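Each remark here refers to the structure printed beneath this line.
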């Protein structure tokens, strides 16, 4: 097992789509090649165009992937948190990273060198097939998320984002949630402009949400869950009408 991996880390990594399709023995062999890394907010993990030498699993914290547009603007591609993997497609093809990665918060990562992973696949080709299937599932999930974002209203996107930040899925009543990164990045993550995010936050005041600095004070988390469900039903109805 990789040095610095706790039992909680082990369980978290095992649940990622990337490793869910391989045997326990194969998983532990790959894990033994990994290295845990502590990251600091603002730290660059790799740059667009760098050789794809590793894939990553977030153990703690948040990491953003982004591209620079021809105009020099930063376009957020995705933001990853605990238990999510990234850069696997580039790593598997042995090419270059098509995006840059930066730590949004302090945290920890599992770093798996591609060279060692390729050695494992050459020794046991079935690992490659399992990882390929898992990567395909992962890509399918990301596509579904993108489709869902396009179908959701701004308020629903923000409400679902806030509900997702609540670690306890069975939580009820009043909750205080710390926003993991700044509002500009939240807007990018949700495919919105900053002004659209502000309007969505304003609308959510009617549902008991108050934003103060980097915290969201939620009067009743179940009210937000109902909003997400109601908005989803409304959008679905519009699609079929």
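Residue numbers (the UniProt record's numbering): 1 to 241.
Every residue, glycine too, gets a C-beta built ideally from N, C-alpha and C.
Remember, it's a predicted structure, so these values are computed and weren't measured experimentally.
- With fewer than three CB-CB distances shorter than 8 Å, the region 125-134 does not count as touching the region 50-58.
- Within a 10 Å sphere around the beta-carbon of residue 163 sit 16 or more other beta-carbons, which makes this residue buried.
- Shortest Cα-Cα distance from residue 206 to any of 74, 87 and 220 involves 220.
- Contact check for residue 111 and residue 49: beta-carbon distance about 19 Å, past the 8 Å limit, so the pair fails to qualify.
- Counted as a single uninterrupted DSSP element, the beta strand (DSSP E) harbouring residue 210 occupies residues 209-212.
- Within a 10 Å sphere around the beta-carbon of residue 115 sit fewer than 16 other beta-carbons, which makes this residue exposed.
- The beta-carbon separation of residue 75 and residue 69, rounded to 6 Å, stays under the 8 Å limit for a contact.
- Restricted to the UniProt domain "Cyclic nucleotide-binding" (18-112), the beta strand (DSSP E) segments that are unbroken, complete and at least 3 residues in length are 35-39, 44-46, 54-60, 63-68, 74-80 and 100-103, listed in chain order.
- Sixteen is the threshold: since fewer than 16 other Cβ atoms of the shown chains lie within 10 Å of the Cβ of residue 125, the residue is exposed.
- For residue 155, the uninterrupted alpha helix (DSSP H) run begins and ends at 154-165, by DSSP.
- With contacts defined as CB atoms closer than 8 Å, residue 16 and residue 57 qualify as a contacting pair.
- Taking C-alpha positions only, residue 71 is separated from residue 214 by approximately 30 Å.
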